[in-house]
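Written below as structure tokens is the structure these notes are about.
There are 2 protein chains.
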Amino acid sequence: MAENQKNKLSTEPYKGVRDFYPEDMFVQNFITNTMREAAESFGYVEYNASVLEPSEIYEAKSGEEIVNEQTYTFIDRGDRSVTLRPEMTPTVARMVAGRRKELAFPVRWYSIPNLFRYERPQRGRLREHWQLNCDLFGVTDPAGDAEVIALAAHVLTHFGADNSMFEIRVNHRNLLDTLFRDVLELSETATYQLSKLIDRKDKMASEAFAEEAQGIIGEKSESLVRLLSASDLGGFLAISEELKQSTGAAELKSVLEHLKANGITNVSFSPTLVRGFDYYTGTVFEIFDTSPENNRSITGGGRYDGLVDLFGVEPVPAVGFGMGDVTVRDFLSGHNLTPAYTSPVDVYLVSISPEMLPHSEGLARYLREKGLSVAVDLSGRKVGDQIKTADKQGAPFVIVVGDEEVASGTFKLKHLGTGEEKAVSRDQIADTVFSFIG
Amino acid sequence: MAENQKNKLSTEPYKGVRDFYPEDMFVQNFITNTMREAAESFGYVEYNASVLEPSEIYEAKSGEEIVNEQTYTFIDRGDRSVTLRPEMTPTVARMVAGRRKELAFPVRWYSIPNLFRYERPQRGRLREHWQLNCDLFGVTDPAGDAEVIALAAHVLTHFGADNSMFEIRVNHRNLLDTLFRDVLELSETATYQLSKLIDRKDKMASEAFAEEAQGIIGEKSESLVRLLSASDLGGFLAISEELKQSTGAAELKSVLEHLKANGITNVSFSPTLVRGFDYYTGTVFEIFDTSPENNRSITGGGRYDGLVDLFGVEPVPAVGFGMGDVTVRDFLSGHNLTPAYTSPVDVYLVSISPEMLPHSEGLARYLREKGLSVAVDLSGRKVGDQIKTADKQGAPFVIVVGDEEVASGTFKLKHLGTGEEKAVSRDQIADTVFSFIG
Numbered sequence: 146m147a148e149n150q151k152n153k154l155s156t157e158p159y160k161g162v163r164d165f166y167p168e169d170m171f172v173q174n175f176i177t178n179t180m181r182e183a184a185e186s187f188g189y190v191e192y193n194a195s196v197l198e199p200s201e202i203y204e205a206k207s208g209e210e211i212v213n214e215q216t217y218t219f220i221d222r223g224d225r226s227v228t229l230r231p232e233m234t235p236t237v238a239r240m241v242a243g244r245r246k247e248l249a250f251p252v253r254w255y256s257i258p259n260l261f262r263y264e265r266p267q268r269g270r271l272r273e274h275w276q277l278n279c280d281l282f283g284v285t286d287p288a289g290d291a292e293v294i295a296l297a298a299h300v301l302t303h304f305g306a307d308n309s310m311f312e313i314r315v316n317h318r319n320l321l322d323t324l325f326r327d328v329l330e331l332s333e334t335a336t337y338q339l340s341k342l343i344d345r346k347d348k349m350a351s352e353a354f355a356e357e358a359q360g361i362i363g364e365k366s367e368s369l370v371r372l373l374s375a376s377d378l379g380g381f382l383a384i385s386e387e388l389k390q391s392t393g394a395a396e397l398k399s400v401l402e403h404l405k406a407n408g409i410t411n412v413s414f415s416p417t418l419v420r421g422f423d424y425y426t427g428t429v430f431e432i433f434d435t436s437p438e439n440n441r442s443i444t445g446g447g448r449y450d451g452l453v454d455l456f457g458v459e460p461v462p463a464v465g466f467g468m469g470d471v472t473v474r475d476f477l478s479g480h481n482l483t484p485a486y487t488s489p490v491d492v493y494l495v496s497i498s499p500e501m502l503p504h505s506e507g508l509a510r511y512l513r514e515k516g517l518s519v520a521v522d523l524s525g526r527k528v529g530d531q532i533k534t535a536d537k538q539g540a541p542f543v544i545v546v547g548d549e550e551v552a553s554g555t556f557k558l559k560h561l562g563t564g565e566e567k568a569v570s571r572d573q574i575a576d577t578v579f580s581f582i583g
Numbered sequence: 146m147a148e149n150q151k152n153k154l155s156t157e158p159y160k161g162v163r164d165f166y167p168e169d170m171f172v173q174n175f176i177t178n179t180m181r182e183a184a185e186s187f188g189y190v191e192y193n194a195s196v197l198e199p200s201e202i203y204e205a206k207s208g209e210e211i212v213n214e215q216t217y218t219f220i221d222r223g224d225r226s227v228t229l230r231p232e233m234t235p236t237v238a239r240m241v242a243g244r245r246k247e248l249a250f251p252v253r254w255y256s257i258p259n260l261f262r263y264e265r266p267q268r269g270r271l272r273e274h275w276q277l278n279c280d281l282f283g284v285t286d287p288a289g290d291a292e293v294i295a296l297a298a299h300v301l302t303h304f305g306a307d308n309s310m311f312e313i314r315v316n317h318r319n320l321l322d323t324l325f326r327d328v329l330e331l332s333e334t335a336t337y338q339l340s341k342l343i344d345r346k347d348k349m350a351s352e353a354f355a356e357e358a359q360g361i362i363g364e365k366s367e368s369l370v371r372l373l374s375a376s377d378l379g380g381f382l383a384i385s386e387e388l389k390q391s392t393g394a395a396e397l398k399s400v401l402e403h404l405k406a407n408g409i410t411n412v413s414f415s416p417t418l419v420r421g422f423d424y425y426t427g428t429v430f431e432i433f434d435t436s437p438e439n440n441r442s443i444t445g446g447g448r449y450d451g452l453v454d455l456f457g458v459e460p461v462p463a464v465g466f467g468m469g470d471v472t473v474r475d476f477l478s479g480h481n482l483t484p485a486y487t488s489p490v491d492v493y494l495v496s497i498s499p500e501m502l503p504h505s506e507g508l509a510r511y512l513r514e515k516g517l518s519v520a521v522d523l524s525g526r527k528v529g530d531q532i533k534t535a536d537k538q539g540a541p542f543v544i545v546v547g548d549e550e551v552a553s554g555t556f557k558l559k560h561l562g563t564g565e566e567k568a569v570s571r572d573q574i575a576d577t578v579f580s581f582i583g
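Chains A and B supply the protein sequences, listed in that same order.
Position one of the first sequence corresponds to residue 146 (the numbering used here), numbered consecutively onward.
Position one of the second sequence corresponds to residue 146 (the numbering used here), numbered consecutively onward.
Okay, structure coming up:
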């Protein structure tokens, strides 16, 4: 390598992505392990795929424009268009379609993939995040929708949350469709404009919403505004026979009943809940943080019965949700649920001189066989400096290895947190540590 | 979405990457969990970073040409050149450099990232694989080199391997340097040509190697060929005072002594071991599968003391290795060490009718609180079909939920493997299952 190439390289990661130093990785592992346990307790099994996907699987449902503008898409040297996956649902639909005939349905799958979005840097949003995806395939019964919602809630309680910390909101695509088509009898254009408006409702002042709604549908807007503020399904349905008789009403009622059987009560009806992706076909839901400082959606999902058959197989009903690591981190820290860092190291071995290293190595090997995690310092520095490193790295126990200890076979096991010291024989070290760790 | 876009999409993943269906993911998790446990038992802590890295960190050490030809590199819309990481070492060097002042050395870090190479499709090699990376920073003592080699071997034994299944080969960069410069007194051109030739030696017939060597260094080639076949460090060093006195000789001897203290004996000296990356500065090693059908390198690494300071900080000595999931899979299957798939599901609940579903849901909730993984069928199919699904999915236990069971509170817990059936009360189910699983 030429000397002039030795310019200083930046230590920053690529714009919009994160480095996970051990303390960050500890929290990340807490999040993903908790998600994993929660999903598996509901019988979901893990799958995965590459971050690289053929671009066409996103174009089919999202339109080419969105794919090119908001994703990392590029042409490889074999002239293939390839995309860093922006979401997992098209991938899981592709994989289920690929084994449509072999799989034993109902299929319960989960994954915790990293997803990529091409965000403009100035917005300060992340370009990569991790997301738990749970999907249930092969169930048309609304009990399936309820299970998926119950699982999303269970993930949060498995993090240590209680029901007061989050609120579930549900809706059904068919209810708004029926309202627009059969009750308000809107044109296609008005339906489209109104849907977009409702999707923005929560980010608008109520006066502005009412005004824009009136611009689209005139005098009908008054009853609409009143209707959309309903949080009670019965009240919403009461306004028309069409709504009462709709499939959306029947399915959503059933979802609510099954939620009760699943022990879920902190749920409310939200007629304005739309969700961005247009592949949803039935129930949609979101779970909101109830904390006033962070009243945001933590997770959401719904039923998407029309996605698997895009891959040329018989349709497979599907319902699922996604829960991102960044929103979960905010939720956990807002409710003091983030655990403090603990090191995987149990015992840190300090050697009084480099000549002692082979003895430390032998002791480390012996203790590892007993199931302990053991680090040997190896730096050749002063004993005090080695102990400082152990402390800074969060190792709970230190043993100083010197001639005396090696000769006698008795070692002083020191707990760094309390300063307590105990002389133990080689074969007692592991048990003493285990009894302390619990 | 326009109707004509509904062409059939392919269910195949992107060229050269893998889908991980649950059975594949099970093996993948076995591999990564075993790696994790082994690394942590040596006191290594986990870190991670994004797959997206600024391209410049690879160009510095590998040359721009290699980066562009063998990696996924593209220009983002902010005109940044970004690369899907082809290896983890530049990333970990960047991260250590970024916290050079705050970190308490020696630092022991591991990660299991996915890595990308742009392989020509016809070669049939994978474009994405996962790789355990373990690195020790801040230790100059050859005991550090030995620890890293011992850890690599420990990962293999933690998979269930014994010492007869693999063989460690070590070398030191300084030995070949000394041989070329001081013993053979070669020109720079001859040194370069000879290094490249030696790197290919194992893939050549010995006659072809001897002939090419003669073409480069003439009559000196005879003694060289003899020398390079040495597997005994003492014999290799005996040929010249320069080699005996070299730093490579001293360090490698020390590495071998420390390996002994670490309990490692299946190690031999291999003067032709070079390894591709040019950032290695001292000890290099590889571990080979001893199986005649798969006599390939499973893992390798070495000392790279000059990488961290490329990021403009004080130098940090470093030694580490990488172990890929694909070579590990081959090693495991060659030695019958791959575990059979087991489902995470403990109990599969079958309902005799959709009306029973709320009872099944309530029972599932109760059993999950006791720590079981429970799946509820929800399909509404015949009892026999639901049981078949449980069996096909690998659930060990089935409970059929009907009016009678709900009324009596007694359930028949059926073990699908043995066909055994036991009537137990609701509160005995969990204990009965646990006592069976062990």
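Glycine included, every Cβ here is placed at the ideal spot set by N, Cα and C.
Please read all numbers here as calculations on a predicted model, not as lab measurements.
Contact list for residue i against chain B, beta-carbon separation under 8 Å
| i | result |
| --- | --- |
| Y159(A) | S195, L197, E198, P199, R225 and V227 |
Option in the options with minimal Cα separation from residue i
| i | options | result |
| --- | --- | --- |
| P541(A) | D491(A), D470(A) and R513(A) | D491(A) |
| T435(B) | N308(B), H274(B), T228(B) and Y203(B) | N308(B) |
| R270(B) | V471(B), T563(B) and Y166(B) | V471(B) |
| A249(A) | S524(B), V578(B) and L401(B) | S524(B) |
| E204(A) | S340(B), E191(B) and L154(B) | L154(B) |
| A295(A) | A394(A), G223(A), E402(A) and E201(A) | E402(A) |
| V400(A) | S385(A), L388(A) and G427(A) | G427(A) |
| L502(A) | D522(A), G379(A), E565(A) and E550(A) | D522(A) |
| I313(B) | S415(B), F282(B) and N259(B) | S415(B) |
| G457(A) | A242(A), E201(A), T179(A) and R181(A) | A242(A) |
9 Å Cβ cutoff, residue i in contact with chain A
| i | result |
| --- | --- |
| M146(B) | Caution applies to M146(B), whose pLDDT of 38 falls short of 50 and renders its modelled position unreliable; the value that the coordinates give is listed next. Yes, M146(B) counts as interfacial toward chain A. |
| F165(B) | yes |
| K533(B) | yes |
| H299(B) | yes |
Exposure of residue i, with buried meaning 16 or more beta-carbon neighbours within 10 Å
| i | result |
| --- | --- |
| T156(A) | buried |
| G465(A) | buried |
| E198(B) | buried |
| Q390(A) | exposed |
| N481(B) | exposed |
| A485(B) | exposed |
| S586(A) | Only positions 146 to 583 of chain A appear in the structure, and residue 586(A) is not among them; the question remains open. |
Contacts that residue i makes with chain A (C-beta to C-beta distance below 8 Å)
| i | result |
| --- | --- |
| N174(B) | E191 |
| Y263(B) | D221 and R222 |
| D522(B) | P251 |
| E292(B) | E506, V521 and L523 |
| Y518(B) | Checking the sequence, you will find Ser at residue 518(B) rather than Tyr. Within 8 Å Cβ-Cβ: E185, S186, F187 and G188. |
Contacts that residue i makes with chain B (C-beta to C-beta distance below 9 Å)
| i | result |
| --- | --- |
| I202(A) | L154 and S155 |
| F456(A) | K153, L154, S155 and T156 |
| M170(A) | V190, E191, Y192, N193 and S256 |
Proximal residues of chain A, C-beta to C-beta of residue i below 7 Å
| i | result |
| --- | --- |
| G408(B) | R510 |
| Q538(B) | A249 |
| V162(B) | S195 and L197 |
CB contact check: residue i to chain B, cutoff 9 Å
| i | result |
| --- | --- |
| F219(A) | yes |
| R474(A) | no |
| K405(A) | yes |
| N149(A) | At N149(A) the pLDDT is 39, less than 50, meaning the model places this residue with poor confidence; the figure from the coordinates comes in the next sentence. Chain B contact via Cβ: absent. |
| P541(A) | no |
| R272(A) | yes |
| D286(A) | yes |
Listed by chain order, chain A residues near residue i by CB distance under 9 Å
| i | result |
| --- | --- |
| R513(B) | S186, F187 and H299 |
| S488(B) | G188 and V190 |
task = Select from the segment 491-507 of chain A all residues with a C-beta closer than 7 Å to any C-beta belonging to chain B, and list them in chain order.
result = Those would be P499, L502, P503, E506 and G507, in chain order.
Near-chain B residues of the segment 233-255 of chain A (beta-carbon distance less than 8 Å), N- to C-terminal order = R239, M240, A242, G243, R244, A249, F250, P251, R253 and W254
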